[in-house]
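Colleague: Numbering (this note's numbering), first residue to last: 12 to 378. Handing you this structure, nothing more for now.
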Ligand code: F6R
Ligand code: MG
Ligand code: MG
């Protein structure tokens, strides 16, 4: 029997403003998942929040894109939206972009990362959650983990890793995908995923040793603005990564976050800023609605049971990268409304900026 891990998340309202999900919504989500566990629909679960996003992590045996599992998540988000409305939370129901559920939450607003795999003797799974940024924010750390030997020493010193990994990349504008293998096609891969607002790593597969059709990493790739055709908040992605025994070690999966790399999002989803790895306590965006945060919960998976979590960035070893993030945030903020702190125009098309520009359109004359 294979195990499926599903991480499904939505911003259904927060307080104050876009800062943090409310304890009442988290409590209700836990109760509903406890019922689903009692009914045998899921094996285990963990509920948390990353900033204003309500995060549902479920272990089960029903496979990916399962309508029962998606219905459970959708119902929870619906109920929690009602709680959020009752409390007059900010942006209540923000990510609920469709009215009626039709079997799958894809394209309805929530973000989804799911993978089905054959459990190994020991199966560590890391669940990453980001707030105030977009799915392409995972390109750099996932690439480094599975393809960069300067990050992952196992790629050169472990015979089980040396054959490398395949990357399924999605063009989220043209809705196409391509699979590229590393190390041989690394330059093609980088040519695409360096443009992280358009080309996004969706899944990573092993090329040997483990079943080559079972993913070892998966990232949510929903683009809210394309579903809603207007700005409704950033996509605030989630990712699942398996580790150890023929895969990068837990520490190699976490290592990329010791570099304060820049991502798009932050205030109004319109600015570049550093991604700060934080513990659950600090997974809330305050300064200029940011800077963007990354949270990681680690589990051992046992027949679908989620043994954990360990709050992986709750460690002083990340203090220096957090301090670097503060310094970079200062530096970026001093640019005010100028690029490259503000995103380039083509990435602002779904924001409120076009309305501002519309007002002065008629005053332009030819030069
Ligand atoms: C970013 C985000 C916030 C809001 C900002 C303005 O993803 O959600 O930075 O864009 O707080 O929000 P509104 O327009 O709701 O006042
Ligand atoms: Mg919000
Ligand atoms: Mg959010």
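Beta carbons: idealized from backbone N, C-alpha and C, even for Gly.
(1) Answer yes or no: do residue 54 and residue 225 have a C-beta to C-beta separation smaller than 8 Å?
(2) Does the beta carbon of residue 29 fall short of 7 Å from some heavy atom of ligand 1?
(3) Please confirm whether residue 352 and residue 283 have their CB atoms less than 8 Å apart.
(4) What do you reckon, is the C-beta of residue 105 under 7 Å from a heavy atom of ligand 2?
(5) Measuring only from the beta carbon, is residue 114 closer than 7 Å to any heavy atom that is part of ligand 3?
(6) Looking at the secondary structure, which residues open and close the beta strand (DSSP E) in which residue 181 lies?
(7) Hey, could you find the ends of the beta strand (DSSP E) residue 141 is sitting in?
(8) Should residue 229 go down as buried or exposed, given a rule of 16 or more other Cβ atoms within 10 Å for buried?
(9) Judging by CA-CA distance, which residue of 298, 243 and 269 is the nearest neighbour of residue 280?
(10) Residues in its own chain within less than 6 Å of residue 140 by CB, not counting five upstream and five downstream?
(11) Beta carbon of residue 82, beta carbon of residue 19: below 8 Å?
(12) Going straight from the alpha carbon of residue 106 to that of residue 38, what length do you get?
(13) Is the distance from the Cβ of residue 277 to the Cβ of residue 247 below 8 Å?
(14) In terms of alpha-carbon separation, which member of 72, 71, 12 and 87 lies closest to residue 35?
(15) Under 7 Å from any heavy atom of ligand 2, does the C-beta of residue 102 make it?
(16) Based on DSSP bridge pairs, tell me the residues matched to residue 11.
(17) In chain order, what are the residues with a CB under 7 Å from some non-hydrogen atom of ligand 3?
(18) Kindly examine ligand 1 and report whether one of its heavy atoms sits closer than 7 Å to the Cβ of residue 147.
(19) For residue 176 versus residue 216, is the C-beta spacing smaller than 8 Å?
(20) On the criterion of 16 or more Cβ atoms from any shown chain inside 10 Å, does residue 167 qualify as buried, or is it exposed?
(21) Skipping 5 residues on each side, what residues in its chain have a beta carbon closer than 6 Å to that of residue 96?
(22) Measuring from the CB of residue 278, is there a heavy atom of ligand 1 at a distance below 7 Å?
(23) Measuring only from the beta carbon, is residue 281 closer than 7 Å to any heavy atom that is part of ligand 5?
(24) Less than 7 Å between C-beta atoms, sequence neighbours within five positions excluded: which residues of the same chain meet that for residue 241?
(25) Count the C-beta pairs between the stretch 41-48 and the stretch 154-164 that are closer than 8 Å, then say yes if the count reaches three, no if not.
(26) Would the beta-carbon of residue 300 be found less than 7 Å away from any heavy atom of ligand 1?
(27) Run the proximity test for residue 231: is its beta-carbon closer than 7 Å to any non-hydrogen atom belonging to ligand 2?
(28) With distances taken between CB atoms, is the gap from residue 136 to residue 298 smaller than 8 Å?
(29) Helix or strand or just coil, what does DSSP make of residue 149?
(30) DSSP beta-bridge partners for residue 313?
(31) Assuming the contact rule is C-beta atoms closer than 8 Å, residue 109 and residue 120 should be a hit. Round their C-beta distance to whole Å, please.
(32) If I'm right that residue 125 touches residue 23 with Cβ under 8 Å, what's the distance once you round it to whole angstroms?
(33) What beta strand (DSSP E) runs, 3 residues minimum, are completely inside the stretch 262-314?
(34) Can you tell me which of the three DSSP states residue 250 falls into?
(35) Pop quiz: residue 144 and residue 275 are said to be a contact at Cβ under 8 Å. What is the actual Cβ separation, rounded to whole angstroms?
(36) For a cutoff of 8 Å on Cβ pairs, would you count residue 252 as touching chain B?
Modeller: Taking the structure as given:
(1) no
(2) Between ligand 1 and residue 29, a heavy atom-to-CB distance of less than 7 Å is present.
(3) Yes, the pair counts as a contact, with Cβ atoms nearer than the cut-off.
(4) yes
(5) no
(6) 176-182
(7) 135-142
(8) buried
(9) 243
(10) 61, 66, 249 and 306
(11) no
(12) 19 Å
(13) Not closer than 8 Å, so no.
(14) 87
(15) Relative to ligand 2, the beta carbon of residue 102 is positioned inside 7 Å of a heavy atom.
(16) Given a span of 12 to 378 for the chain in the structure shown, any question on residue 11 remains unanswerable.
(17) 22, 29, 62, 63, 64, 142, 143, 244, 245 and 247
(18) no
(19) yes
(20) Flag for residue 167 reads exposed.
(21) 103
(22) For ligand 1, at least one heavy atom lies less than 7 Å from the Cβ of residue 278.
(23) Ligands in the displayed structure: ligand 1, ligand 2 and ligand 3; ligand 5 is not one of them.
(24) 361
(25) Counting Cβ pairs under 8 Å, fewer than three are found: no touch.
(26) The answer is yes for residue 300.
(27) No, the beta carbon of residue 231 sits no closer than 7 Å to any heavy atom of ligand 2.
(28) no
(29) helix
(30) For residue 313, DSSP records a beta bridge to 316.
(31) 7 Å
(32) Incorrect: roughly 20 Å between the Cβ atoms, too far for contact.
(33) 273-276, 282-285 and 304-313
(34) Strand, per DSSP.
(35) 6 Å
(36) Absent from the structure is chain B; it holds one protein chain and no more.
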